[in-house]
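Chemist: Each residue of the sequence shown is one higher than the one before, starting from 138 at the first, in this note's numbering.
Once you've had a glance at the structure underneath, I'll fire off some questions.
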Amino acid sequence: QIRPSRLCPDVRSTSLSQFLASRVTTPARFCSSIPSPIQIHGLDHLVLTVRSVPDSLAFYSRVLGMEVVTFQGNRKALRFGSHKLNLHQAGQEVEPKALRPTPGSVDLCLVTHTPLPAVTRHLQGCGVTVEQGPVMRTGAVGPITSVYFRDPDGNLIEVSNYDR
138 QIRPSRLCPD VRSTSLSQFL ASRVTTPARF CSSIPSPIQI HGLDHLVLTV RSVPDSLAFY
198 SRVLGMEVVT FQGNRKALRF GSHKLNLHQA GQEVEPKALR PTPGSVDLCL VTHTPLPAVT
258 RHLQGCGVTV EQGPVMRTGA VGPITSVYFR DPDGNLIEVS NYDR
């Protein structure tokens with residue numbers, strides 16, 4: 138049984154399966170009566186589950202100029218700016234991990250100062266097919282112009298310029 142807590146009084150006594158089912162069908166109810174004291178200010182890293190770590194390292198470093206880094210023994214990541222993409226080999230994920238880690242399930246927008254015509258020429262030179270763009274979109278802090286393509290796992294990668 139899940140009991141109400143002083144932090145989340147809207148959680149009623151119920152079975153775990155009922156509680157979890159209610160969260161899936163009615164999002165944003167958990168602790169809905171209490172304002173969050175948490176204020177997120179950035180993204181440190183994102184984990185990509187990939188079919189082939191070497192192929193992903195080659196793609197992201199060659200195509201997008203990310204720096205390959207090794208950490209905690211022989212784990213691999215790609216660093217860009219103050220951010221990092223950690224790579225997990227499918228079937229050999231590091232715990233804890235996503236509930237259903239799946240190659241090709243990410244839609245990621247990356248921001249660059251490189252003009253998009255130069256980005257597009259470089260992608261074409263690397264044999265990467267641009268699926269869409271340049272197109273206007275809305276970024277986190279304003280209008281962006283984006284091109285879309287896929288990584289080796291089929292993840293949708295969006296590279297964008299903020300409109301000035």
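Note that the Cβ used here is the ideal one computed from N, Cα and C, for glycine as well.
On a predicted model such as this, the values are computed, not experimentally measured, just so you know.
Round the Cβ separation of residue 293 and residue 299 to the nearest angstrom and send it over; I've been treating them as touching at under 8 Å.
Modeler: Rounded, the Cβ-Cβ distance is 19 Å, inconsistent with contact.
Chemist: Among all the DSSP beta bridges, which residues are the ones paired with residue 229?
Modeler: Beta-bridge partners of residue 229 (DSSP): none assigned.
Chemist: Please name the residue, chosen from 225, 259, 246 and 218, that lies closest to residue 209 on a Cα-to-Cα basis.
Modeler: 225
Chemist: In the DSSP assignment, find the alpha helix (DSSP H) that holds residue 195 and state where it starts and stops.
Modeler: 190 to 201
Chemist: Drop a sphere of 10 angstroms on the beta-carbon of residue 171, count the other beta-carbons inside from all chains shown, and report buried for 16 or more, exposed for fewer.
Modeler: Counting Cβ neighbours within 10 Å, residue 171 comes out exposed, since fewer than 16 surround it.
Chemist: For the segment 183 to 191 against the segment 213 to 229, are there 3 or more C-beta pairs whose distance is under 8 Å?
Modeler: yes
Chemist: Per DSSP, which one or two residues make a beta bridge with residue 269?
Modeler: For residue 269, which the question treats as bridged, DSSP gives the partners 285.
Chemist: In this structure, what does DSSP give as the bridge partners for residue 297?
Modeler: 248 and 283
Chemist: For residue 288 and residue 193, what's the separation of their Cα atoms in angstroms?
Modeler: 8 Å
Chemist: Check residue 239 in the structure and name its three-state DSSP category.
Modeler: It is coil, neither helix nor strand.
Chemist: Quick one, which of 281, 291 and 276 has its alpha-carbon nearest residue 266's?
Modeler: 291
Chemist: If you measure between the beta carbons of residue 198 and residue 205, is that distance less than 7 Å?
Modeler: The Cβ atoms of residue 198 and residue 205 lie closer than 7 Å to each other.
Chemist: In the DSSP assignment, what are the bridge partners of residue 223?
Modeler: 184 and 214
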